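Residue 225 in our numbering sits at position 225 of the sequence shown, and the numbers go up by one each step.
One structure is given below, encoded as structure tokens.
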Amino acid sequence: MSDAAGYRDVIVPDIGEGLSEAEIVEWLVAEGDEVREDQPVVLISTEKASVELPAPVHGIAREMTALAPGTRVPVGTRLMRIETVGEPAREKRDAVLAAPRTRRLASELGIALESIVGSGPEGRILDDDVRAAADGYPAEHSEPLSPMRRRIADVTAASWREIPHITEFREVDASTLVQVRERLRGNFESQGIHLTYLPLLVKALASALTRHPRFNATLDLRRDRIVFNDSLNIGIAVGTEDGLLVPVLRDVERLTLAKIARGIGELADGARKGTLSPAMAGGGTCTVSNFGSYGTWLGTPIIRAPEVTIVGFGRIRDAVVAVNGAPAVRPMLPIAVATDHRLNDGSHLAAFVDELERCCRETEE
């Protein structure tokens with residue numbers, strides 16, 4: 001929102017899922033500071049995600065509200081204004097690249113960021129760079145629980161406490177999956193897409209969810225109804241320096257494999273760089289946790305309310321299995337599917353995992 005005097009507003013956005021308010025976590029600039037376009041100016045948090053709100057234009061921070069961190073404000077609240085000015089000089093824009101968390105760490109340790117050569121992309125200064133520059137950094141120390149870590153703690157604890165999980169584990173012959181990936185890798189690389197197994201697995205999951213909509217639903221106990229979601233909005237769990245984020249790949253049932261692969265890459269990159277838009281942070285109907293990307297054989301994923309299903313994929317590895325009564329070596333994919341027992345029984349879960357296994361075995365382009 002802007003006016004004739006050359007101001008642009010920074011407001012609390014609507015990120016969907018019926019959320020009507022957000023919590024101010026941290027102001028990232030001060031009154032009168034010069035800010036770049038897209039520079040994070042305030043960190044807010046909802047029950048679903050923490051989001052850095054960017055400056056809509058290059059200018060000066062004005063009319064900042066006196067709201068303290070921890071204050072909850074309704075969607076649409078104006079938090080501050082940006083007085084528009086000319087485009088900043090390139091050398092000033094690119095002086096120091098560091099995330100707000102890294103800047104806080106440097107301040108706590110008394111380290112000048114300008115004195116550090118960053119080891120991250122484009123010279124970005126990382127937390128480890130700051131620690132390496134600190135003289136006599138203690139072997140043991142404590143630090144405040146970050147707002148994101150606290151939010152993760154609250155959300156996961158609530159999900160584990162309120163949702164009765166039922167989980168099935170299975171190993172799936174991934175021979176076709178491996179062959180399809182190998183066949184497509186070259187073509188995808190020529191399009192600038194790094195094809196991992198995850199896009200193939202997400203596509204298989206979408207096919208299974210289409211045939212078993214109970215696992216893409218939500219449970220509305222207030223109205224005693226099962227709400228079936230028409231779209232497949234699959235959350236992709238991404239580990240970042242600050243904690244786990246779950247950006248959402250929307251309308252997966254309409255996407256080609258190439259668009260799924262590109263979309264996952266963009267979401268993961270945005271999560272790690274802190275550039276996700278509010279629209280990417282909510283509205284999921286089912287979540288995927290890719291344990292295999294960490295070299296982990298398998299884990300037990302926790303459902304993200306109000307979703308009722310989460311699927312964990314482990315690391316594919318060769319194993320000796322029985323094939324037509326004889327031992328053979330096959331690439332085996334471990335999967336773990338957890339669902340809300342209030343909605344789905346063991347028979348429902350077994351049928352869904354059967355379908356997911358079939359879709360993985362019969363992976364197509």
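Glycine included, C-beta positions come from ideal geometry on N, C-alpha and C.
Please read these numbers as outputs of a predicted model, since none were measured by experiment.
Following the continuous beta strand (DSSP E) through residue i, name the residue where it begins and the one where it ends.
| i | result |
| --- | --- |
| residue 41 | 40-45 |
| residue 339 | 326-340 |
| residue 235 | 234-236 |
| residue 166 | 165-173 |
| residue 161 | That residue, residue 161, is in no beta strand (DSSP E); its alpha helix (DSSP H) goes 147-162. |
| residue 206 | Looking at the DSSP string, residue 206 is not in any beta strand (DSSP E); the run it does join, the alpha helix (DSSP H), is 197-211. |
Would the C-beta of residue i count as close to the ligand NAD, meaning under 8 Å from any of its heavy atoms?
| i | result |
| --- | --- |
| residue 69 | Judged by which ligands are present, the structure shown has none, so any question about the ligand NAD falls away. |
Applying the 10 Å Cβ sphere with the 16-neighbour rule, what's the burial state of residue i?
| i | result |
| --- | --- |
| residue 226 | exposed |
| residue 160 | exposed |
| residue 94 | For residue 94, the pLDDT reaches just 48, beneath the cut-off of 50, and the residue's location in the model is therefore unreliable, leaving the point undetermined. |
| residue 147 | buried |
| residue 6 | exposed |
| residue 212 | buried |
| residue 221 | exposed |
| residue 216 | buried |
| residue 230 | exposed |
| residue 318 | exposed |
| residue 204 | buried |
| residue 246 | buried |
| residue 369 | Residue 369 falls outside the range modelled here, since the chain spans only 1 to 365, and no answer is possible. |
Within a Cβ cutoff of 7 Å, which residues of the same chain sit near residue i, ignoring the five residues on either side of it in sequence?
| i | result |
| --- | --- |
| residue 173 | 330, 332, 361 |
| residue 151 | 45, 50 |
| residue 32 | 60, 61 |
| residue 348 | 214 |
| residue 139 | Per-residue confidence for residue 139 stands at a pLDDT of 45, beneath the threshold of 50, marking its modelled position as unreliable; no derived number is given. |
| residue 92 | Its pLDDT being 43, under 50, residue 92 is placed unreliably in this model, and the value from its coordinates should be taken loosely. So no residue of the chain qualifies. |
| residue 120 | 126 |
Do residue j and residue i have their beta-carbon atoms positioned less than 9 Å apart in this structure?
| i | j | result |
| --- | --- | --- |
| residue 357 | residue 335 | yes |
| residue 350 | residue 168 | yes |
| residue 124 | residue 8 | no |
| residue 248 | residue 274 | no |
| residue 414 | residue 84 | The displayed coordinates of the chain run from 1 to 365. Any statement about residue 414 would go beyond what the structure contains. |
| residue 345 | residue 303 | no |
| residue 69 | residue 53 | no |
| residue 284 | residue 299 | no |
| residue 287 | residue 310 | yes |
| residue 117 | residue 128 | no |
| residue 198 | residue 236 | yes |
| residue 163 | residue 55 | no |
| residue 26 | residue 100 | yes |
| residue 57 | residue 37 | yes |
Can you tell me where the alpha helix (DSSP H) with residue i in it begins and where it stops?
| i | result |
| --- | --- |
| residue 108 | 100-109 |
| residue 123 | Neither: residue 123 is in no alpha helix (DSSP H) and is coded neither H nor E. |
| residue 289 | No alpha helix (DSSP H) holds residue 289; the beta strand (DSSP E) holding it covers 286-290. |
| residue 404 | Outside the displayed span of the chain (1 to 365) sits residue 404, for which this structure offers no information. |
| residue 353 | 346-361 |
So, under 8 Å CB-CB, residue i and residue j are touching, yes? Tell me the CB distance rounded to an integer number of Å.
| i | j | result |
| --- | --- | --- |
| residue 232 | residue 206 | 5 Å |
| residue 35 | residue 29 | 6 Å |
| residue 363 | residue 180 | 5 Å |
| residue 12 | residue 77 | 5 Å |
| residue 369 | residue 258 | Lying outside 1 to 365, the shown extent of the chain, residue 369 is not represented and no answer is given. |
| residue 301 | residue 338 | 6 Å |
Just to confirm my understanding: we take residue i, look at its own chain, exclude 5 residues before and 5 after, and list those with CB closer than 6 Å. What are they?
| i | result |
| --- | --- |
| residue 316 | 174, 331, 333 |
| residue 240 | 271, 272 |
| residue 292 | 313, 314, 315 |
| residue 14 | 75 |
| residue 218 | 227, 306 |
Report yes or no: is there a C-beta of chain D within less than 9 Å of the C-beta of residue i?
| i | result |
| --- | --- |
| residue 38 | Although the question refers to chain D, the structure presented lacks it and comprises just one protein chain. |
Spatial neighbours of residue i within its chain, please: C-beta separation below 8 Å, excluding the five flanking residues on both sides.
| i | result |
| --- | --- |
| residue 327 | 320, 321 |
| residue 445 | The question about residue 445 has no answer, for the chain in this structure spans 1 to 365. |
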